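Let me begin by presenting the structure, written as structure tokens, before commenting on it.
Protein chains: 4
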Amino acid sequence: MPRTQEQFEAIRLERREHILQSALKVFAEDGYHNASISKVSKEAGISKGLMYNYFESKEELLQTLIGNYLDEENAKVVALLKQPFTDEVFADLIRLSVEVLKKNPLQWKLYMDMANRPEVREIMQDRYVESQLLWVEKLTAFFTQRNAEDPMMEIQFFASTMTGLKVSYLMDPVNFPIDEMEKRMIKLFVGR
Amino acid sequence: MPRTQEQFEAIRLERREHILQSALKVFAEDGYHNASISKVSKEAGISKGLMYNYFESKEELLQTLIGNYLDEENAKVVALLKQPFTDEVFADLIRLSVEVLKKNPLQWKLYMDMANRPEVREIMQDRYVESQLLWVEKLTAFFTQRNAEDPMMEIQFFASTMTGLKVSYLMDPVNFPIDEMEKRMIKLFVGR
Amino acid sequence: MPRTQEQFEAIRLERREHILQSALKVFAEDGYHNASISKVSKEAGISKGLMYNYFESKEELLQTLIGNYLDEENAKVVALLKQPFTDEVFADLIRLSVEVLKKNPLQWKLYMDMANRPEVREIMQDRYVESQLLWVEKLTAFFTQRNAEDPMMEIQFFASTMTGLKVSYLMDPVNFPIDEMEKRMIKLFVGR
Amino acid sequence: MPRTQEQFEAIRLERREHILQSALKVFAEDGYHNASISKVSKEAGISKGLMYNYFESKEELLQTLIGNYLDEENAKVVALLKQPFTDEVFADLIRLSVEVLKKNPLQWKLYMDMANRPEVREIMQDRYVESQLLWVEKLTAFFTQRNAEDPMMEIQFFASTMTGLKVSYLMDPVNFPIDEMEKRMIKLFVGR
DNA sequence: TATGAATGAGTTTTCATTCAT
DNA sequence: TATGAATGAAAACTCATTCAT
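Residue numbers (my numbering), protein chains in the order written: chain A, 1 to 192; chain B, 1 to 192; chain C, 1 to 192; chain D, 1 to 192.
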């Protein structure tokens, strides 16, 4: 009486997710290069060998972690961006970024660690062209309407400031007053 | 005519500096863990063995690189902070940060890469207590005088935004309009 | 209506044969060491676990494959050798070898790949003493009658040339003109 | 007082050759796949790590072994083939093959083991086009002049028989009467 | 009987560090 | 002081075999 197809599938899915979580933790703590598959497997409570039953390589594990997560966030952002761009939507976009950040700090940490690697950079650029264009389009209109001196610069400044928020939070999640900063961002860029 | 003691020491110091520069380049390009001592020594044009005559380990090389550099920057910042804190001084502090960033992007990149490692974190915290306190003291006064709602929050926001600038620049030095962003920062936090 | 004991056995045997064929294909294509049990079981369309219900180990699979096959060929050869050794029988022996080769190239390839392994060598030597002796006996008589200078050498030369034929064919079955070579062999060693 | 450039070079060359010899022995005995770098390094009396100071990978070791050797033999063969193709030259070519075979049985064994691998096949085909063409050209003329029924077939038969000689010798170098077989070959294909 | 998840020993490979010269 | 050959511990990865179901 072997397990059914469904049982096997369930096991695989659960294990896969469990491995991803363990890898995320270890990678984010130690950094991708410093982290070893051995440590990840220990964290997951399984043998090293089994890791390779689920992921072809350490690299694939990383790609999956970053890709999965960013895709998810990106989808939400794009959905919001496709709505008419009101003040409230802009504020929501900021709130969404912060919410996602607070919910998945490890993924973000990992992504930031890796964002300098050329391979990762390339993938990202190809993958998120659409949302990039949307951001630019909507924010250009927004800042233009607000009579900004140089809307493109304002977009850059906004993006840079958001990055600062994220990095600062990730460096010290306990002490960084992320919620106040969120409000400050909204006040600054969206206005009251 | 054998060289004097001083001449030897001068040569040693110069070489040490040369090794540090080479290591910086390699570490920043490849990432600390991915970089090999072999590559560093090749970059420096000396043998692997000789490296260990100047530095006890790869780790020490890293510590020295980060420490040296940050000390240097910190000294300049402290000097400015100790002057009466006028608008112009605040603007200068921002300009100084940007200038230093542009002059030493590799050190900054390396520092940012490593800033999550607990050892590095600890060192930093101990080392720059003084300047931290100065910043807080001066900026509190500054923002209070400007009738900020919550001066402490404004400091955090300022710091976070500076971080964003640095990270954004380091991620893409060619395209990021660092000079415009500097102006934008001054306008935002210092005013005209 | 439950199956009878015989039916079960028949199914088992059939499956066993199926596994052997699959293993043969994979082993011959990838080489024994490079081939994985996983691939063999996929080729056979059964699970890895079930393989071990039929064969104790990868090694046993190999032994069975080589043994089975060579026994089969050997039996046919011995049958022919026990007949009066006419020119026609000699020609038939050559034809038989070529025919068997063309029909079972994979087994031959596998055997040739493995023929250097000491374990395989030993087994072979023990197993085919009888046919070896028969060959020598018959061919000695044959070449002696033909007034060969040194009948034993002629036997060696014949064997060596047959080996060349087999190896050359296995290396490039598509382009090697095996049928012409068969004729050439017969002409050379049997005469017209 | 470090070693001079020449001393280092001498060490490297000697070591490299020593490693190649050890690898050849182990690869030929156990087969490439079955042989481990660990065993090769033990045979060479050095650490596993040092192997990678001399060769990038196990694969490169193999390529070097096969390539080096075959190039060497090929050069000699080509030299002979470029001379006017007399009976004596043909006989010399056969003698050369046998001589080379006796001198480097391990390389040949290894080559034969690997000759089925697609990568190796391709390399060989590209590498020895010239000598292939020369062989065909010269032997076609030779067999045509001898009034062979089908010169191309005769070439094939010759090549196949040479292969048989080599394989048979390699399978049992002690007992196979290689010198007699050489004479037999010459008698058969070159004539008295 | 049948499955494929799981193991663990073994393999190739890397690289900071040491050391003979 | 200076070299790079040499080491060895640890990393990534493979795969025959076992085992819970």
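We put the CB at the ideal spot given by N, CA and C, even for glycine.
In this text the structure is predicted, and so the values were computed from the model without any measurement.
**Asked** Rounded C-beta distance between residue 160/D and residue 96/C? I'm assuming under 8 Å.
**Response** In fact, because the Cβ distance is near 18 Å, the residues do not count as touching under 8 Å.
**Prompt:** What is the residue span of the alpha helix (DSSP H) that residue 187/A lies within?
**Reply:** Note, residue 187/A: premise wrong, no alpha helix (DSSP H); not H, not E.
**Asked** Which ranges would you report for the alpha helix (DSSP H) in the region 72-146 of chain B if only whole runs of at least 4 residues count?
**Response** 87-103, 105-114, 118-127, 129-145
**Asked** Is residue 33/A close to chain B, meaning its C-beta is less than 7 Å from at least one C-beta of that chain?
**Response** yes
**Request:** Would you be able to state if there are at least three C-beta pairs under 8 Å between the region 136-146 of chain D and the region 107-124 of chain D?
**Result:** no
**Asked** Out of 101/B, 16/B, 75/B, 177/B, which has the shortest C-alpha to C-alpha gap to residue 60/B?
**Response** 16/B
**Prompt:** Under 7 Å Cβ-Cβ, which residues of chain D neighbour residue 115/C?
**Reply:** 171
**Item:** Residue-chain proximity (residue 140/C, chain D), Cβ-Cβ < 7 Å
**Value:** no
**Request:** Given a cut-off of 7 Å, decide if residue 43/A and residue 57/A are closer than it, judged by their beta-carbon atoms.
**Result:** no
**Message:** Here's the rule I'm using: 16 or more other beta-carbon atoms within 10 Å means buried, otherwise exposed. How should residue 168/D be labelled?
**Reply:** buried
**Asked** Can you list, in chain order, the residues of the region 155-168 of chain C whose Cβ is nearer than 9 Å to any Cβ on chain D?
**Response** 156, 157, 159, 160, 161, 162, 163, 164, 165, 166, 167, 168
**Message:** Tell me which residue opens and which closes the alpha helix (DSSP H) that residue 164/D is part of.
**Reply:** 151-171
**Asked** Can you list the residues of chain B that residue 95/A reaches, using a CB-CB cut of under 7 Å?
**Response** Result: empty, since nearest Cβ-Cβ is about 17 Å, beyond 7 Å.
**Asked** Comparing alpha-carbon positions, which option in 87/B, 31/B, 25/B, 47/B lies nearest residue 2/D?
**Response** 47/B
**Request:** Taking residue 128/A and residue 74/A to be in contact with their CB atoms under 8 Å, please state how far apart those CB atoms are, rounded to whole angstroms.
**Result:** 6 Å
**Item:** Where the alpha helix (DSSP H) through residue 26/A begins and ends
**Value:** 5-30
**From 89/B, 163/B, 9/B, 29/B, residue whose alpha carbon lies closest to that of residue 142/B** = 89/B
**Prompt:** Taking the C-alpha atoms as reference points, what is the distance between residue 30/B and residue 41/B?
**Reply:** 14 Å
**Request:** State yes or no: is the C-beta of residue 70/A within less than 7 Å of the C-beta of residue 109/A?
**Result:** no
**Request:** Starting from the C-beta of residue 124/C, find all residues in its chain whose C-beta is less than 8 Å away, skip the five residues before and the five after it, and write them out in chain order.
**Result:** 70, 115
**Item:** C-alpha gap between residue 99/A and residue 105/A, whole angstroms
**Value:** 10 Å
**Request:** With 8 Å as the C-beta to C-beta threshold (strictly closer), list the residues of the region 114-133 of chain B near chain A in chain order.
**Result:** 115, 116, 117
**Request:** Would you mind telling me which residues of chain A sit closer than 9 Å to residue 180/B, beta carbon to beta carbon, in chain order?
**Result:** 150, 153, 156, 157
**Boundaries (first-last residue) of the alpha helix (DSSP H) holding residue 40/D** = 37-44
**Endpoints, the alpha helix (DSSP H) within which residue 53/C is located** = 48-54
**Request:** Compare the C-beta of residue 177/A against all C-beta atoms of chain B and say whether one is closer than 7 Å.
**Result:** yes
**Asked** Within the 7 Å Cβ cut-off, does residue 3/A reach chain B?
**Response** no
**Prompt:** Helix, strand or coil: which one does DSSP assign to residue 68/D?
**Reply:** helix
**Message:** Please report whether the beta-carbon of residue 15/D lies at a distance below 7 Å from any beta-carbon of chain C.
**Reply:** no
**Message:** Let me make sure I understand the geometry here. Which of 107/D, 4/D, 176/D, 191/D has the alpha-carbon closest to that of residue 64/D?
**Reply:** 107/D
**Request:** Would you please verify whether the beta carbon of residue 184/C is less than 7 Å from any beta carbon of chain D?
**Result:** yes
**Asked** Cα separation between residue 35/C and residue 49/D?
**Response** 27 Å
**Request:** Given a cut-off of 7 Å, decide if residue 180/C and residue 162/D are closer than it, judged by their beta-carbon atoms.
**Result:** no
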